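Residue numbers (this note's numbering), protein chains in the order written: chain A, 1185 to 1674; chain B, 1185 to 1674.
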């Protein structure tokens, strides 16, 4: 009997207990930023891990939600795999929920409440457990606990190193420093970031990276105050039009960013990455229809290909007023809010410098504050750029041994082939793992895509919980070697 | 003794009575839109005119502030001159006033209250009468009444046709139709629009025109709703950037509007107009300093020259949000609010058509409403243009006999040379006079420039009141011929 068969047999017999444990975890309120509540969550997780013989403890500075770190021992000399999840959740608006967010409720496909089954009673894969953090992101923690129970005394070919964060939904303000501070205990051969959903249709996937992020506010100046457009229009310079010209200079009609050097550092997709991209089913026609678009910015382009390049996005524009509030004025200033998504290789600081240089090359005096009267009188074109230096993209190589290993085990656990996605469109500070610990990190999601992440009625489909249990059991019992260990010590 | 000398002698002796009559006029509250109050004003004006032998009456539809029309007879066969003023005033915020807006108060140059002088007592030209509408625009009415008294039985070489409006501060909604309805009684050889201030430093001026006005809201569309800039940025088209490109295509770096035909109908300044422009003292250096600018939109250009061309002004921009409220989205739409000031010759409807054509030539489907789902799917670029057809500019020819006549008499009345300004930068529907009555109209202001027009503590400098009295007396007694009357009837 294979490990998967054994685990499946065990969890069919113990589904009710697994569900009760999962429900107990998500019944703990865990709104991000609520440190006392999050300390209770961390304590509970540590206790449940220790009950399974796992070394675990809460670490971190006072006054912040702790990091739970732990170790699931393997056989002597086993490779080490890191497993990251987060136990804090998004804020809740209870009025928007069908049932209270911290009263876990089992629901059927028709939305009707299902009583928690009695021990030994069958459960339906299509049932869902509804509660805040059921999917994002306590599901991997519950799946791990069940996998440990299912394996019992089976020898573990892999040692698991655990890292459960309590500040993810607050932007992970302490993650980088905590990884560095506990680098010795968190040393692994690879990290799995267990967060986010699998693909549409519940197809299993391994995600190799995320885009980085940085942003800025660009303001250009006209007269010191709004002017009457009759008395001064055609004579006094108009900052809204100047801003339009400046923005238009940043991207051409073909959708290509024309800022010098914008893609100079961007890593060209490797053959394996390009092959992974090409293997993905096309989604563009359906997307265009759903989004009400006739064509992509670069007509005919594929979404996934475009995510491999840095983007320049005008996320907002503002000058004086429009609509009924419009006044007949020359605005005093005009502002564009811009976010830049970074691809692998791009450096956030260097990208911001390039935008600054571009604006300066277009004749602007570039400041990071309001101009003085003397600067206004001395420079016909003044721009203020207020930048926030963000963080780089992270992208693991598609040909790493861990990637092939995960694809194989995810395929076994799901009973259908898994695919490797080179990058998500979104940004999370995944780079911390590679920067602080020097090991590759890949995203290994288990939640269903329609889990209502961040919204009301968040839920986890039970079939996806079982996928997690099977996957973690396989990971613990299947040998894999990220690198040749014969030539050196651990 | 000249007429001016005689009038000055009379008003020195009767200054107190003139002031009392003026104070009585501005003591009548006259906030625009307050029809009962404005009817009281009209009735009072009609009564005071009739007391001087002037034919006068209130006309117009029920429920609106009436038009006061009248006739000051001249010698048989005298040329006819129209005199327009308005008796309604801007709304008031009494808390902002030093003294109540409808309790006329005489103040000295130091701001101290001066008691109304006793009959025969001297008055100082630098005193001011403070009250709503003292300058804007009951001053010409008070000056006319005083001029009639001063002239007494002196033969009048010119017949005056009077038109005092009660809806100017509400945008003159009925003026055009009332001028048409009473065109027979309002037939003249020329119209003087007595409104607005003289030049800085109290230099007398005749203004030959105003700019016309029309405006529009231009919205371009992206996806049907805001999109996550990570998941879709670089693939879904960004309407803020599309709007920037479209606006940038409308005006070049040199400040020239690049919309096809934008100045095709614009009347080139005549030699006389250009000479008048060239005669104006330069104001640009002082303006740049006051407005906090290093250079004009067209560096080195003169304000007055630029007012002779139509302008395209982006008065507002809006897409999603900027600053602390900015979200990481691709906006669903982006809007520019645009006002167009028209020069002599430009047609508002044709100008709007040219903007529409320009947008269409840039590949946009141009609508005047939200696009349908089918239109979104069928057209990669969609713009909505919501236009309000405004009104044309008005500009009298600088070589008309009335212009030279006014410059001469204004110079005599002020004791210093008067200048002709081809156009104001602002827009008022002056075209009504030319369109409805077929006669040229020029603006003949008498108020001081620092009169606090539309604001608290509005006031008229007494020297400017005397300028009006002298000017109207001269106009009534100095023959002038706008056209050769020998070849036809009246």
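C-beta atoms are modelled at their ideal positions from N, C-alpha and C, and glycine is treated no differently.
Since we're looking at a predicted model, the values are computed, not measured.
Cross-chain neighbours of residue i in chain B, by beta carbon under 8 Å
i                       : result
residue 1514 of chain A : 1497, 1499
residue 1610 of chain A : 1412, 1414, 1415
residue 1562 of chain A : 1478
residue 1485 of chain A : 1419
residue 1493 of chain A : 1418
Same chain, Cβ closer than 7 Å to residue i, neighbours up to 5 away in sequence not counted
i                       : result
residue 1285 of chain A : 1276, 1278, 1315, 1316
residue 1620 of chain B : 1360, 1363, 1364, 1367
residue 1526 of chain A : 1395, 1396, 1397, 1398, 1494, 1532, 1535, 1576, 1577
Proximal chain B residues relative to residue i, where beta-carbon distance stays under 9 Å
i                       : result
residue 1401 of chain A : 1506, 1507, 1510
residue 1660 of chain A : Result: empty, since nearest Cβ-Cβ is about 33 Å, beyond 9 Å.
residue 1340 of chain A : Within chain B, no residue comes near residue 1340 of chain A; the closest Cβ sits about 37 Å away, beyond 9 Å.
Residue i: first and last residue of the uninterrupted beta strand (DSSP E) it sits in
i                       : result
residue 1270 of chain B : 1264-1270
residue 1242 of chain B : 1239-1243
residue 1495 of chain A : 1495-1504
residue 1644 of chain A : 1643-1645
residue 1605 of chain B : 1603-1605
residue 1537 of chain A : It is not in any beta strand (DSSP E) - residue 1537 of chain A instead sits in the alpha helix (DSSP H) that spans 1532-1545.
residue 1550 of chain B : 1549-1551
residue 1254 of chain A : 1251-1256
residue 1626 of chain B : 1625-1627
residue 1246 of chain B : From DSSP, residue 1246 of chain B is part of no beta strand (DSSP E); its letter is neither H nor E.
residue 1298 of chain B : Counting along the chain, residue 1298 of chain B falls outside any beta strand (DSSP E), and DSSP gives it neither H nor E.
Contact list for residue i against chain A, beta-carbon separation under 7 Å
i                       : result
residue 1425 of chain B : 1431, 1435, 1498
Own chain partners of residue i with C-beta closer than 6 Å, once the 5 adjacent residues on each side are dropped
i                       : result
residue 1256 of chain B : 1238, 1344
residue 1670 of chain A : With a pLDDT of 48 at residue 1670 of chain A, under the threshold of 50, the modelled position of that residue is not reliable, and the figure given next carries that caveat. So no residue of the chain qualifies.
residue 1420 of chain B : 1407, 1411, 1514
residue 1204 of chain B : none
residue 1373 of chain B : 1263, 1264, 1666
residue 1207 of chain A : 1288
Closer than 7 Å at the beta carbon, the chain C residues around residue i
i                       : result
residue 1287 of chain B : Looking at the structure shown, chain C is missing, and the protein chains on hand are A and B.
Contact set between residue i and chain A, taken where Cβ atoms lie within less than 8 Å
i                       : result
residue 1519 of chain B : 1506, 1507
residue 1481 of chain B : 1418, 1419, 1420, 1421, 1422
C-beta contact flag for residue i and residue j at 7 Å
i                       : j                       : result
residue 1584 of chain A : residue 1633 of chain A : no
residue 1575 of chain A : residue 1396 of chain A : yes
residue 1615 of chain B : residue 1578 of chain B : yes
residue 1404 of chain A : residue 1427 of chain A : yes
residue 1312 of chain B : residue 1648 of chain B : no
residue 1191 of chain A : residue 1327 of chain A : no
residue 1417 of chain B : residue 1491 of chain B : no
residue 1603 of chain B : residue 1274 of chain B : no
residue 1566 of chain B : residue 1400 of chain B : no
residue 1653 of chain B : residue 1199 of chain B : no
residue 1346 of chain A : residue 1254 of chain A : yes
residue 1376 of chain A : residue 1209 of chain A : no
residue 1464 of chain B : residue 1501 of chain B : no
Cutoff 8 Å; reference residue i; Cβ partners in own chain excluding five residues on either side
i                       : result
residue 1515 of chain A : 1406, 1410, 1422, 1423, 1424, 1503, 1504
residue 1340 of chain A : 1256, 1257, 1258, 1259, 1262, 1660, 1661
residue 1446 of chain A : 1494, 1496, 1535, 1538
residue 1433 of chain B : 1442, 1542, 1546
Residue i: contacting residues in chain A (beta-carbon distance under 9 Å)
i                       : result
residue 1680 of chain B : Past the boundaries of the shown model lies residue 1680 of chain B; chain B is included only from 1185 to 1674, so the question cannot be answered.
residue 1625 of chain B : Those do not exist, as residue 1625 of chain B stays about 18 Å from chain A at its closest Cβ, beyond 9 Å.
residue 1386 of chain B : Chain A residues near residue 1386 of chain B: none, gap ~19 Å exceeds 9 Å.
Residue i - containing alpha helix (DSSP H), residue span
i                       : result
residue 1568 of chain A : Per DSSP, residue 1568 of chain A belongs to no alpha helix (DSSP H); it is in the beta strand (DSSP E), 1566-1575.
residue 1593 of chain B : 1585-1598
residue 1639 of chain B : Element bounds for residue 1639 of chain B: n/a, residue is neither H nor E.
residue 1226 of chain A : 1219-1234
residue 1560 of chain B : 1557-1562
residue 1328 of chain A : 1323-1335
residue 1204 of chain A : 1187-1210
Chain B contact residues for residue i, given Cβ-Cβ distances below 7 Å
i                       : result
residue 1319 of chain A : Near residue 1319 of chain A there are no residues of chain B at all, since even the closest Cβ is about 18 Å away, more than 7 Å.
residue 1407 of chain A : 1475, 1476, 1477
May I have a chain-ordered list of the beta strand (DSSP E) segments no shorter than 3 residues that lie completely inside the region 1337-1388 of chain A? 1343-1349, 1374-1377
Any alpha helix (DSSP H) of 4 or more consecutive residues that is wholly inside the region 1390-1433 of chain A: 1413-1416, 1423-1432
Unbroken alpha helix (DSSP H) runs of length 4 or more, entirely within the region 1436-1506 of chain A: which are they? 1455-1463, 1468-1475, 1487-1490
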